[in-house]
Amino acid sequence: MSIDPSTKPADYEFQHTIRVRFAETDAMGIVHHSRYLPYFEEARVAYLRHIGHPYDEIRAEGVDMAVLEVGVQYRQPLKFDDLIVVHVAMGPVTRATFQMVYLVTVNDVVHSTGVTVHGAVTPDGRPTRLPEWLRGFADRR
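One point on numbering: in the numbering used here, the residue at position 27 of the sequence shown is 60, and numbering is uninterrupted.
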């Protein structure tokens, strides 16, 4: 991971809203730390669809986006029935990997930030080149 996620929603290209389900909370009544990764995944898939590259089409082209590394900073707990907004942006892109950054807010209050690092792999798990459209993000930086 080579990026420190911003805590400013305006720094993100996309946002996705999710309501916290009761089943995602722990005995203390807060969202279990493990549930943040599915929130990031749901928002990431929605982001890819938003930019014209639905994940099912990426997979149909013979590419999967394996998660290589994850980092989450928990700032404020999430609770049952919170309406969270997961802000998403493309982070650094190299020849072999790309990073996504996340900001989770409730009513504009920062609850967490996160980063995921991905690599492109074939259906049998072998590394492959990132799709051309994704490599183009490196030119934007």
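The beta carbon of each residue, even a glycine, is placed where N, CA and C say it ideally should be.
| request: Run the proximity test for residue 37: is its beta-carbon closer than 8 Å to any non-hydrogen atom belonging to the ligand FAD? | output: With respect to small molecules bound, the structure shown includes none, and the ligand FAD cannot be examined in it.
| Could you check where the beta strand (DSSP E) with residue 52 kicks off and where it finishes? | Run containing residue 52: 47-52, per the beta strand (DSSP E) assignment.
| Bridge partners - residue 73, DSSP secondary structure assignment | Answer is none; residue 73 lacks a bridge partner.
| task | Throw me the rounded Cβ distance for the residue 134 and residue 101 pair, which I believe falls under 8 Å. | result | Between residue 101 and residue 134 the Cβ distance is about 15 Å, and since that is not below 8 Å, they are no contact.
| task | Tell me whether residue 160 is buried or exposed, calling it buried when 16 or more other Cβ atoms sit within 10 Å of its Cβ. | result | exposed
| What is the rounded straight-line gap between the Cα of residue 127 and the Cα of residue 57? | Spanning the two alpha carbons is a distance of roughly 34 Å.
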